[in-house]
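Every number in the working numbering is 253 more than the matching position in the sequence shown, counting from 1.
Backbone N, C-alpha and C fix where the C-beta goes; we use that ideal spot for every residue, glycine too.
Heads up: the structure comes next, in structure tokens.
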Amino acid sequence: MTKVLIASDHAGFELKKFLVQALTTAGYQTYDLGPFNYNEDDDYPLFVKTTVAKFFTDPTNTTGILICRNGVGVCAIANKYKGVRCALSWNPVHAESAKNDDNANFLALILIQPKLMPSANGSCKQALARARGTLEG
């Protein structure tokens, strides 16, 4: 069974909650690594560090998902750790390619602002599709 470690900053807090529930329902062993409460002043490098540390306790069949406003910050921090290959992906095909072609073991997701999408629900569904592309790739 694939283990999924997931964390975000405050901007990705609601999307993280949605993905934790959706991936758990889909049968993945999902670990929510924070934040656990919305805090506009949180510091995403701390959540990345916690997620990477958990990943290295048992990296076999484990994928990390990190969410922030534009994905670049969490991706850059995660890739500083030896053995982490974090891909910033914008669609399911790209996410699957990152896993299959580049051995990505972490996925950085952007928070698609509701004003750019027909609905916030559409944003959540797109993020779930990208996550599943990485997990099932």
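Using a C-beta cut-off of 8 Å, the segment 281-300 makes contact with the segment 258-273, since at least three inter-stretch Cβ pairs fall below that distance. Between the beta-carbon of Ala340 and that of Leu364 there is about 17 Å, and that puts the pair past the 8 Å contact cut. Secondary structure of Tyr281 (DSSP, three-state): coil. Taking Pro345 as the centre and dropping the five residues before and after it, the same chain places the C-beta of Ala382, Arg383, Arg385, Gly386 closer than 8 Å to its C-beta, in chain order. Exposure of Lys335 is indicated by the presence of fewer than 16 other C-beta atoms within 10 angstroms of its C-beta. With respect to the C-alpha of Val301, the residue from Gly326, Ala279, Lys378 having the closest C-alpha is Gly326.
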